[in-house]
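Okay, structure first, notes after.
Protein chains in written order, with the numbering used here: chain A, 9 to 120; chain B, 31 to 145.
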């Protein structure tokens with residue numbers, strides 16, 4: 009069965025650079041979530057989209073933005089990267105109302 | 031506000047022992063969902079189980095079992111006859127029906143199975 013696809017799997021950027029993470033949800037899923045997991049931490053909710061509209065927002069820095077496109081894939085854009093942005097970024101998708109979010113394998117971002 | 035507490039930060043047991051991971055949750059919703067995820071050293075989040083608030087039946091899947099008790103707001107996870115491959119971080123999580131399916135995680139319990 010198709011799963012949530014995230015790309016890239018690994019990314020190394022320098023401070024103050026920009027990064028774009030991509031997420032391709034499971035086919036027919038209409039909701040996408042982004043989470044950030046720092047070293048030794050639990051995944052923290054950043055933002056979610058339902059039918060291409062932002063549905064909820066968590067502790068997402070102003071330097072980050074995200075959107076969901078017409079084909080339901082989503083991108084997380086991160087600007088002016090800081091060392092503290094180094095983390096594992098997860099995308100999850102679900103079909104609204106089914107309460108069963110499926111997580112991608114994550115993108116490991118390292119800021120140097 | 032929703033909250034998930036995993037009081038055990040780290041547990042070490044010898045292989046073949048049974049181990050229980052505790053999870054206590056807080057929610058004002060009557061409809062909610064509870065989850066357990068496993069995160070091995072490779073980093074991915076592996077879904078283990080989902081339980082809705084109206085289903086208090088315990089569940090067993092192989093060596094894994096879950097005990098859901100609404101009276102104590104707990105959703106504990108037991109691994110029977112633990113194996114080294116069970117070594118991972120385990121997250122308990124909660125999703126409220128009125129919160130757009132967003133999943134909130136506990137801090138996780140790091141489980142070491144010693145050979």
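The beta carbon of each residue, even a glycine, is placed where N, CA and C say it ideally should be.
Closer than 7 Å by C-beta to residue i: which residues in its own chain qualify, once you throw out the five before and the five after it? Chain order, please.
i, result
"residue 108 of chain A", "102"
"residue 59 of chain A", "38"
Within the same chain, show all residues whose beta-carbon is closer than 6 Å to that of residue i, passing over the 5 residues directly before and after it, in chain order.
i, result
"residue 88 of chain A", "24, 71"
"residue 18 of chain A", "116"
"residue 68 of chain A", "54, 55"
"residue 81 of chain B", "64, 98"
"residue 44 of chain B", "144"
"residue 85 of chain A", "28, 73"
If you compare alpha carbons, which of the options is closest to residue i?
i, options, result
"residue 14 of chain A", "A:105, A:43, A:21, A:22", "A:43"
"residue 57 of chain A", "A:116, A:113, A:119, A:99", "A:99"
"residue 63 of chain A", "A:10, A:40, A:33", "A:40"
"residue 34 of chain A", "A:12, A:48, A:106, A:47", "A:12"
"residue 137 of chain B", "B:101, B:99, B:115, B:52", "B:52"
"residue 91 of chain A", "A:75, A:105, A:32, A:47", "A:47"
"residue 113 of chain B", "B:42, B:32, B:33, B:34", "B:42"
"residue 125 of chain B", "B:92, B:102, B:90, B:79", "B:79"
Who are the Cβ neighbours of residue i in its own chain at under 8 Å, not counting the five residues just before and after it?
i, result
"residue 45 of chain A", "51, 52, 95, 96, 97, 98, 114"
"residue 104 of chain B", "52, 53, 54, 55, 97, 98"
"residue 21 of chain A", "27, 89, 117, 118, 119, 120"
On the premise that residue j lies in contact with residue i, defined as a C-beta separation below 8 Å, what is that separation, rounded to the nearest angstrom?
i, j, result
"residue 48 of chain B", "residue 109 of chain B", "7 Å"
"residue 106 of chain B", "residue 50 of chain B", "6 Å"
Taking contact to mean 3 or more Cβ pairs, one atom from each stretch, closer than 8 Å, check whether the stretch 58 to 70 of chain B and the stretch 115 to 126 of chain B are in contact. A contact between stretches requires three or more CB pairs, one per stretch, nearer than 8 Å, and the stretch 58 to 70 of chain B meets this requirement with the stretch 115 to 126 of chain B.
Ignoring anything shorter than 3 residues, give me the beta strand (DSSP E) runs that lie fully in the stretch 85 to 113 of chain B, in order along the chain. DSSP runs (the beta strand (DSSP E)) wholly in the stretch 85 to 113 of chain B: 89 to 91, 94 to 99, 104 to 109.
Could you tell me whether the stretch 75 to 93 of chain B touches the stretch 36 to 43 of chain B, using the rule of 3 or more Cβ pairs below 8 Å? The stretch 75 to 93 of chain B is not in contact with the stretch 36 to 43 of chain B.
Could you tell me which whole beta strand (DSSP E) segments of length 3 or greater appear in the stretch 42 to 90 of chain B? If we require 3 residues or more, the beta strand (DSSP E) runs fully inside the stretch 42 to 90 of chain B come out as 49 to 51, 54 to 56, 62 to 69, 76 to 82.
Can you list, in chain order, the stretches of the beta strand (DSSP E) that have 3 or more residues and sit fully within the stretch 63 to 88 of chain A? 72 to 76, 82 to 86
May I have a chain-ordered list of the beta strand (DSSP E) segments no shorter than 3 residues that lie completely inside the stretch 17 to 42 of chain A? 18 to 21, 27 to 32
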